[in-house]
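Undergrad:
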Amino acid sequence: MEQLNADEQQEFQKLVERKQMKDFMHLYSNLVQKCFSDCVDNFTSKVLTSREESCIIKCSQKFLKHSEHVGKRFQEQNAALIQRQNEEDGSL
Numbered sequence: 001m002e003q004l005n006a007d008e009q010q011e012f013q014k015l016v017e018r019k020q021m022k023d024f025m026h027l028y029s030n031l032v033q034k035c036f037s038d039c040v041d042n043f044t045s046k047v048l049t050s051r052e053e054s055c056i057i058k059c060s061q062k063f064l065k066h067s068e069h070v071g072k073r074f075q076e077q078n079a080a081l082i083q084r085q086n087e088e089d090g091s092l
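This is how it looks when you write it as C-alpha cells:
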C-alpha cells in the first residue's frame, strides 16, 4: 500500500469495500435461500408457524457460526502463509 499515492489508495479502499459488500450480500443470500428451503413448507398462511420460525432461527445461527469458523480458519491459514513467506524472504 505504501507504493500507492493517495488517489490510488482511496480507489483501492473503495474496491475492497465493494468486494466486502458483495461477499456479505452473497453470504446473506445463501443464508436466506438455505434456511427458507430447509424450514418453510407451509404456504397456506402469511405468517410463519412456530416450528418454521424456530427452524429459521436455528438454521441462521448455525449458518453464521459456520461462516465465522471458516473465516477464522482462513485468517489463520493466511497468517501462517505470510509468516512462512516472511521467513523465506529473511533467509535469502
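If you're matching positions, the sequence shown starts at 1 in the UniProt record's numbering and goes up one per residue. Backbone N, C-alpha and C define an ideal beta-carbon position, used for all residues, glycine too. On a predicted model such as this, the values are computed, not experimentally measured, just so you know.
1. Measure the CB-CB distance between L15 and S67 and report whether it falls below 9 Å.
2. From which residue to which residue does the alpha helix (DSSP H) around K34 run?
3. Among L31, N42, F43, whose alpha-carbon lies nearest the alpha-carbon of K65?
4. Identify whether Q61 lies in helix, strand or coil by the three-state DSSP scheme.
5. So what's F43 in DSSP terms, helix, strand or just coil?
TA: According to the data block:
1. In terms of Cβ geometry, L15 and S67 do not form a close pair [threshold 9 Å].
2. 6-39
3. L31
4. helix
5. coil
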